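Each remark here refers to the structure printed beneath this line.
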Amino acid sequence: MTDCLFCRIVAGSIPSTIVHRDDHLVAFRDIDPNAPMHVLTIPTTPIATLNDLSSEDDALIGSMFRRAAAIATEHGYADRGYRTVFNTNRESGQTVFHVHLHLLAGRGLNWPPG
Ligand code: 5GP
Numbered sequence: 042m043t044d045c046l047f048c049r050i051v052a053g054s055i056p057s058t059i060v061h062r063d064d065h066l067v068a069f070r071d072i073d074p075n076a077p078m079h080v081l082t083i084p085t086t087p088i089a090t091l092n093d094l095s096s097e098d099d100a101l102i103g104s105m106f107r108r109a110a111a112i113a114t115e116h117g118y119a120d121r122g123y124r125t126v127f128n129t130n131r132e133s134g135q136t137v138f139h140v141h142l143h144l145l146a147g148r149g150l151n152w153p154p155g
């Protein structure tokens, strides 16, 4: 595994508040939350951006969305609503190049985003 920031979170060498872990995914609280609930769901194996996905990753990406929905549901946001976002590359604001699905919930979220 490469030595990226989120790989270190997967390995446990950087502490984080983990809300879910299985063989393929880790979900943890964002260190600088933008909503009352801000969770990042990542694959345990590093993929830099959505541009680097292959068809072999389809089930993995589907499981990331299903996990985010499950976490939102567990915390009572299924009916209120929540947002799931992948940022990709510079103009989107991607800063960590290990794909991560943002889950934001707990406040009104403007659309379109800034
Ligand atoms: P991006 O801007 O790449 O889409 O999102 C990266 C996210 O990772 C940001 O929301 C940022 O706050 C979060 N982040 C960066 N470093 C850490 C860290 O060390 N721990 C945690 N839990 N989140 C981090």
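Taking this note's numbering, the leading residue of the sequence shown gets 42, the next gets one more, and so forth. All residues carry an ideal CB built from backbone N, CA and C; glycine is no exception. All figures in this text were calculated on a predicted structure; none of them were measured in a lab.
Could you pull the start and end residues of the alpha helix (DSSP H) that residue 114 belongs to?
For residue 114, the enclosing alpha helix (DSSP H) begins and ends at 99-115.
Could you pull out every residue in the same chain whose Cβ sits closer than 6 Å to the Cβ of residue 89, ignoring the five residues on either side in sequence?
Counting only Cβ-Cβ distances below 6 Å, and skipping sequence neighbours, we find 138.
Rounded to whole angstroms, how far is the Cβ of residue 70 from the Cβ of residue 82, which I believe are closer than 8 Å?
Separation of the CB atoms of residue 70 and residue 82 is rounded to 11 Å, and the pair is thereby denied contact status at 8 Å.
Under 8 Å, with one C-beta from each stretch per pair, do the region 118-126 and the region 93-100 reach the 3-pair mark?
Because the criterion of three Cβ pairs below 8 Å is not met, the region 118-126 and the region 93-100 do not touch.
Assign residue 72 to buried or exposed, taking buried as 16 or more other Cβ atoms, counted over all protein chains shown, within 10 Å of its Cβ.
Exposed, since its Cβ has fewer than 16 Cβ neighbours within 10 Å.
Looking at the strands, I want to know which residues DSSP matches up with residue 69.
According to DSSP, residue 69 bridges with 59 and 81.
Bounding residues of the beta strand (DSSP E) (the contiguous stretch that carries residue 49):
Premise fails: residue 49 lies in the alpha helix (DSSP H), 46-52, not in any beta strand (DSSP E).
Specify the secondary structure class of residue 91 as computed by DSSP and reduced to three states.
It is helical.
What span of residues does the beta strand (DSSP E) with residue 146 cover, start to end?
Residues 142-146.
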